[in-house]
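In full-length UniProt numbering, the protein residues as written are 1 to 122. Glycine residues also receive a C-beta, built at the ideal position from the N, C-alpha and C atoms.
The structure is reproduced here in structure tokens:
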């Protein structure tokens, strides 16, 4: 891939879906950072308050954004969390799953931020 993206991202998916278009990639990364990350963070409050209906809605709405952003390795974990929410698993277990996924997302945010900034310059 000529755009030389960080290998922490699913480069094969990104290349297949977006090709060499830095503008669309910038828009995807920027939207994830500005919309999906805050929505993901709001999931913690919904889980802590026991609002499983809202939690399921948040997770379901976010699933595609992980794939679209090239975080395809995160999506299956989010799907497992969604199933656990729908199965009314204990809140403590749901929060543990959420926190484990959050650690991974937090490590990827700086990568997406730097790639977004770099793509904006192209």
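(1) Any heavy atom of the ligand FMN closer than 6 Å to the CB of residue 59?
(2) So does the segment 15 to 31 actually touch the segment 45 to 53, counting three or more Cβ pairs closer than 8 Å?
(3) Spatial neighbours of residue 120 within its chain, please: CB distance less than 6 Å, with the 5 preceding and 5 following residues excluded, ordered by chain position.
(4) Please report how far the alpha carbon of residue 79 lies from the alpha carbon of residue 102, in whole angstroms.
(5) Is the beta carbon of residue 75 less than 7 Å from the beta carbon of residue 69?
(6) Spell out a yes or no on whether the segment 51 to 61 and the segment 15 to 25 are touching, meaning 3 or more CB-CB pairs, one atom from each, closer than 8 Å.
In short:
(1) Only the bare structure without any ligand can be found here, which leaves the ligand FMN out of the picture.
(2) no
(3) 26
(4) 14 Å
(5) With contacts defined as CB atoms closer than 7 Å, residue 75 and residue 69 fail to qualify as a contacting pair.
(6) no
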